[in-house]
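Colleague: Protein chains in written order, with the UniProt record's numbering: chain P, 1 to 288; chain D, 1 to 273; chain E, 1 to 363.
Ideal Cβ positions, reconstructed from N, Cα and C, are used throughout, including at glycine.
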Amino acid sequence: MDKPVNNRAWFLVLPVLALVAFSAILPLMTVVNYSLQDTFGNNQFFWAGLEWFEEVIHSDRIRAALGRQIIFSATILAIEIPLGIFIALNMPKKGVWASFCLVVMALPLLIPWNVVGTIWQVFGRVDIGLLGYTLTKLGVSYNYVNDPVAAWITIIVMDVWHWTSLVALLCYAGLQSIPDAYYQAARIDQASRWKVFRYIELPKMQGVLLIAVLLRFMDSFMIYTEPFVLTGGGPGNATTFLSIDLVKMAVGQFDLGPAAAFSLIYFLVILLISFVFYTVMTKEGEAL
Amino acid sequence: MAAVAESKGRGSALVMAVYLLFLMLPIYWLLNMSLKTNREILGVFSLWPQNPTLDNYRTILTDPSWYMGYVNSLTYVVMNTAISITVALPAAYAFSRYRFLGDKHLFFWLLTNRMAPAAVFALPFFQLYSSIGLFDTHIAVALAHCLFNVPLAVWILEGFMSGVPREIDETAYIDGYSFPRFFVRIFMPLIASGIGVAAFFCFMFSWVELLLSRTLTSVNAKPIAATMTRTVSASGLDWGVLAAAGILTIIPGALVIWFVRNYIAKGFALGRV
Amino acid sequence: MTRITLENLAHSYLPNPSKDDDWALKPMDMVWQDGGAYALLGSSGCGKSTLLNIISGLLVPSQGRILFGERDVTALPTLERNIAQVFQFPVVYDTMSVRDNLAFPLKNRGLPADQIAARVAEVAEMIGMSATLDRRARGLTADAKQKISLGRGMVRQDVNAILFDEPLTVIDPHMKWELRTQLKDLHRRFGHTMIYVTHDQTEALTFADQVVVMYDGRVVQAGTPQALFEAPEHTFVGYFIGSPGMNLLEARIEGATAHVAGARITLAQGYGPLDGRTQIGIRPEFLRLGTGDEGLPFTIRRIEDVGHHRIVRGQVDGTEVNVVVPESQPLPADADRVVPDPAHLHVYRDDWRVDPARRERAA
Chain P
1 MDKPVNNRAW FLVLPVLALV AFSAILPLMT VVNYSLQDTF GNNQFFWAGL EWFEEVIHSD
61 RIRAALGRQI IFSATILAIE IPLGIFIALN MPKKGVWASF CLVVMALPLL IPWNVVGTIW
121 QVFGRVDIGL LGYTLTKLGV SYNYVNDPVA AWITIIVMDV WHWTSLVALL CYAGLQSIPD
181 AYYQAARIDQ ASRWKVFRYI ELPKMQGVLL IAVLLRFMDS FMIYTEPFVL TGGGPGNATT
241 FLSIDLVKMA VGQFDLGPAA AFSLIYFLVI LLISFVFYTV MTKEGEAL
Chain D
1 MAAVAESKGR GSALVMAVYL LFLMLPIYWL LNMSLKTNRE ILGVFSLWPQ NPTLDNYRTI
61 LTDPSWYMGY VNSLTYVVMN TAISITVALP AAYAFSRYRF LGDKHLFFWL LTNRMAPAAV
121 FALPFFQLYS SIGLFDTHIA VALAHCLFNV PLAVWILEGF MSGVPREIDE TAYIDGYSFP
181 RFFVRIFMPL IASGIGVAAF FCFMFSWVEL LLSRTLTSVN AKPIAATMTR TVSASGLDWG
241 VLAAAGILTI IPGALVIWFV RNYIAKGFAL GRV
Chain E
1 MTRITLENLA HSYLPNPSKD DDWALKPMDM VWQDGGAYAL LGSSGCGKST LLNIISGLLV
61 PSQGRILFGE RDVTALPTLE RNIAQVFQFP VVYDTMSVRD NLAFPLKNRG LPADQIAARV
121 AEVAEMIGMS ATLDRRARGL TADAKQKISL GRGMVRQDVN AILFDEPLTV IDPHMKWELR
181 TQLKDLHRRF GHTMIYVTHD QTEALTFADQ VVVMYDGRVV QAGTPQALFE APEHTFVGYF
241 IGSPGMNLLE ARIEGATAHV AGARITLAQG YGPLDGRTQI GIRPEFLRLG TGDEGLPFTI
301 RRIEDVGHHR IVRGQVDGTE VNVVVPESQP LPADADRVVP DPAHLHVYRD DWRVDPARRE
361 RAA
């Protein structure tokens, strides 16, 4: 598709540019500013150079949070992407039952994130929650408030509950775009179920899977509200992910300099990993 | 077609039934609690309310400090959706129809904003909006949410617009339409479903976000989600009211889904399948 | 390879068909001879794709039986019928190379590698893609993709039949001709039973030995291209085949005389009494222009020169009538009559041809 060159199109982009400049560039500059300065209060700042960056990079606490964050994101991607594909393959194609599935599946996506946390906080409690109560009655030792493993499992199950439908709906849309003739041809070619998936369905889902992986990676890497409500980052620091740590640092302790430096590194890490994902997956697509 | 669906058979129905049950159970549990008194919640463990009561809902719907939270949330969500769509429409048109200096970089840069952690922006936003006197107003939250909603809206709309053949634009110009008239009268109806999808997503992400909306408000524009967290700690864990408030936050989302149910699948693919 | 028999076959997409219109395919009996090249011709929605999908086993008919040879395959899935099918739009496995695409049906059936390689090379040669065997299918043109689909349909040697569902829709006109010739060639070389669905009469007439014309869920005529041209059994066949199609005029038949537009025409044979709507049909090729009081009154509207002949378009008593005049003959300037050749004039009652030699056909 050849699009005509027209630099006057800039006028159409101008409103977006102005708005995003106001809501992204200005704050980001503030962050950069803080990250390079130190203060003793009274709005008196002086140059601190890269001191904060060094502090952040060498901070054991932040390194631990980063480690937890990476494990968390990797785990939920490893669960949600295959599970989402599996659900999409099993979804009915049309009819009332299909609409019903779609509506129920979309529901968790539109629940405010802290309410998601609240729902699972209640659901998992050993005294009044269905999950916690049932597990305890079954003799399973489960308490997400003081057991780090239980806390992790609960957060992961919560995230799977919350977001798998997004992956499934994306894949479902990809599957819907496959003409019937492909399935018919595959039957005539005597292709097995696995080959139909591998050579027809998977290639068609590739585009939406890219969106799914990117969205799930970015959002899981920034996760804040749900675990904050559920566990508050505990027990101890067991579920303190990067955003939780950052907010603690900036709002709780008011360590503006380190928090700002941390913010920038955090942002760059997300950009970098997203870029790698994007490149690898589009390359992969061409090589398939 | 029919044969393909048949071949899926009972296994699929079972998988879906289990999955939907998994999705519904926690929500059902919240609903169950919202219809109980605190005494029943803490006293007896039961799968459904023994003495169903609407008292918890009554508490919320008669107390302005509670229900104003909903009004506030809906106000800034609607404002944000309107702003996002309005500015994103011309920009998406530019990206889908023309090449211009720096277009690719600009597009990518817009998308990177979607990747920015809200936590990074919380404090700078607080200072920025305080300094210009917008702290604790609806517009402040609406503008803050533009950070991630505008890039998303541009992206979605661009996808839908690229699906409209350019010949339509050219025909309209030849017929003597001015650009604004063409855009509103002819082009927007053509991408109506795209606008719907973009609005749905803006609504969704603005509605579910809490970190920024809580940071930027204190009293007058306080969102319902934040109201929930505070009241819980102050009133010594009023589980029934908490559950009822939670259920009430699910309702707007459920309504929106119901309206777009036939476009959900296409919509989630952002017009890019 | 085998003979395919359809017995009292009918299909409806509705669960409880009651009216005639509910049937996508009305009850029919038919035999497709082993090794024949058939075309299934009709406009869209006439049921030809439904029929094809029933033969390939993608659809189970509402009633009737399908026999492959002596074997009843009505309830058998596609897999066990051992047929190949090429679809309207190219179906290729995007992520595979051209070679793997062609080998796919053979690999799935567990053929030894050396046989597969030999067969793939042979088919690639036929469709003219030997040079691009190792390219990935994604990114090829629609032409090339459809050639791969054709190749995949042809790669298995033991198939009972190869079905083509409007396979040349997306192909460029000059490639269409080339591919059709190749298909014809393949048919001659390997003798597979081929059923070719199309709405294009040229494709049907040039490809097939036997053309089956369908209209409104019914087979209205099956015959050689020659028979379809000379003696259309149904007005639809007359109108659909030929360019321009057959002229049809309301007429009243009395013995060997037809009363048309106030004039009388002598027929080649005598007809018994006919009730219902009666028409006479004559191809534009068998009309000639005249003057005076011979034939029928005719008003010329327009003359089109299409190269080796001219088409004279006009009206007989308000009904469109076309006449084909060979380039070699002069056009009389004052022509105001058209004269039919009685030997090629047919009488239709309620759209079906009346054959006086076979009275029972009209009943």
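Please state whether DSSP places alanine 234 of chain D in a helix, a strand or coil.
Modeller: Interpretation of alanine 234 of chain D is limited by its pLDDT of 47, a score under 50 that renders its predicted location unreliable; no figure is taken from the coordinates.
Colleague: Determine the direct distance from the alpha carbon of aspartate 147 of chain P to that of methionine 1 of chain P, and round the result to whole angstroms.
Modeller: Because methionine 1 of chain P sits at a pLDDT of 48, beneath the cut-off of 50, its placement in the model cannot be relied upon, and the point is left open.
Colleague: Could you run through the segment 135-159 of chain D and flag, in chain order, every residue whose CB is less than 7 Å away from some CB of chain P?
Modeller: Leu143, Ala144, Cys146, Leu147, Val150 and Val154
Colleague: Indicate the three-state DSSP secondary structure (helix, strand or coil) for tyrosine 13 of chain E in the structure shown.
Modeller: coil
Colleague: Starting from the N-terminal side, write out each stretch of the beta strand (DSSP E) that is 3 residues or longer and does not extend beyond the segment 152-228 of chain P.
Modeller: none
Colleague: With DSSP run on the structure shown, which of helix, strand or coil describes threonine 231 of chain P?
Modeller: Coil at threonine 231 of chain P, not helix or strand.
Colleague: Since phenylalanine 148 of chain D sits in a beta bridge, which residues does DSSP pair it with?
Modeller: Partner(s): none; phenylalanine 148 of chain D has no beta bridge.
Colleague: Note down the Cα distance separating threonine 257 of chain E from glycine 295 of chain E, rounded to an integer number of angstroms.
Modeller: 12 Å
Colleague: Going by DSSP, which residues form a beta bridge with glutamine 315 of chain E?
Modeller: E/Thr299 and E/Glu320
Colleague: Answer with yes or no whether the minimum CB distance from proline 105 of chain E to chain P is below 7 Å.
Modeller: yes
Colleague: Near asparagine 82 of chain E, what residues of its chain come up, given a Cβ to Cβ distance below 6 Å and the 5 sequence neighbours on each side ignored?
Modeller: Val159 and Asn160
Colleague: So, is tryptophan 163 of chain P buried or exposed, given that buried needs 16 or more other C-beta atoms within 10 angstroms?
Modeller: buried
Colleague: Around the Cβ of alanine 251 of chain E, are there at least 16 other Cβ atoms within 10 angstroms (buried) or fewer (exposed)?
Modeller: In the assembly as shown, alanine 251 of chain E is a buried residue. Its beta-carbon has 16 or more other beta-carbons within 10 Å.
Colleague: Could you run through the segment 69-95 of chain E and flag, in chain order, every residue whose CB is less than 8 Å away from some CB of chain P?
Modeller: Pro77, Thr78, Leu79, Ile83, Ala84, Gln85, Phe87, Gln88, Phe89, Val91, Tyr93, Asp94 and Thr95
Colleague: With distances taken from CA atoms, which of E/His174, E/Thr132, E/Phe164 and E/Gln226 is nearest histidine 199 of chain E?
Modeller: Considering only alpha carbons, the answer is E/Phe164.
Colleague: Nearest-angstrom Cα distance between leucine 230 of chain P and alanine 150 of chain P?
Modeller: 12 Å
Colleague: By DSSP's criteria, glutamine 63 of chain E is part of a beta bridge. Which residues make up the other side?
Modeller: Glutamine 63 of chain E is bridged to E/Ala10.
Colleague: Measuring only the C-alpha atoms, how far is lysine 145 of chain E from phenylalanine 207 of chain E?
Modeller: 21 Å
Colleague: What does alanine 181 of chain P reach in chain E if we use C-beta pairs closer than 8 Å?
Modeller: Phe87, Gln88, Phe89 and Val91
Colleague: I think phenylalanine 286 of chain E touches proline 340 of chain E, with their Cβ atoms under 8 Å apart; what is that distance to the nearest whole Å?
Modeller: 6 Å
Colleague: Could you tell me the alpha carbon to alpha carbon distance between leucine 150 of chain E and valine 213 of chain E, rounded to whole angstroms?
Modeller: 23 Å
Colleague: Return the CA-CA distance between lysine 195 of chain P and tryptophan 152 of chain P, expressed in angstroms with no decimal places.
Modeller: 36 Å
Colleague: On a CA-only basis, which of P/Val157, P/Thr239, P/Ala64 and P/Val32 is nearest valine 120 of chain D? Give me that one, please.
Modeller: P/Val32
Colleague: Just to make sure I have the definition right: I need the residues of chain P whose C-beta is within less than 8 Å of the C-beta of asparagine 80 of chain D. Which are they?
Modeller: Result: empty, since nearest Cβ-Cβ is about 11 Å, beyond 8 Å.
Colleague: Can the beta-carbon of leucine 30 of chain D be found less than 7 Å from the beta-carbon of isoleucine 119 of chain P?
Modeller: yes
Colleague: Just reading off the alpha helix (DSSP H) that leucine 106 of chain E is part of, what are its end residues?
Modeller: 98-108
Colleague: Based on DSSP bridge pairs, tell me the residues matched to asparagine 247 of chain E.
Modeller: Under DSSP, asparagine 247 of chain E shares a beta bridge with E/Ile282.
Colleague: For isoleucine 265 of chain P, which residues of its own chain have a beta-carbon under 8 Å away from its beta-carbon, when the five flanking residues on both sides are left out?
Modeller: Phe53, Val56 and Ile57
Colleague: Using a Cβ-Cβ cutoff of less than 8 Å, which residues in the same chain neighbour leucine 274 of chain E once the five nearest sequence positions on both sides are dropped?
Modeller: Ile253, Val347, Arg349, Val354 and Ala362
Colleague: By Cβ distance below 7 Å, which residues in the same chain neighbour leucine 211 of chain D in space, the five residues on each side in sequence not counted?
Modeller: Ala118, Ala119 and Ala122
Colleague: Can you tell me whether arginine 261 of chain D is helix, strand or coil according to DSSP?
Modeller: coil
Colleague: How about lysine 225 of chain P: is its C-beta nearer than 7 Å to some C-beta of chain D?
Modeller: As written in the sequence, residue 225 of chain P is threonine, which differs from the lysine given in the question. It does: the Cβ of threonine 225 of chain P has a partner Cβ on chain D nearer than 7 Å.
Colleague: In the structure shown, what three-state DSSP assignment does threonine 86 of chain D receive?
Modeller: helix
Colleague: Helix, strand or coil for aspartate 143 of chain E per DSSP?
Modeller: helix
Colleague: Less than 7 Å between C-beta atoms, sequence neighbours within five positions excluded: which residues of the same chain meet that for glycine 276 of chain E?
Modeller: Excluding residues up to 5 positions away in sequence, Arg349 and Asp350 lie with their Cβ nearer than 7 Å to the Cβ of glycine 276 of chain E in the same chain.
Colleague: Spell out whether any CB of chain P is found under 7 Å from the CB atom of asparagine 8 of chain E.
Modeller: no
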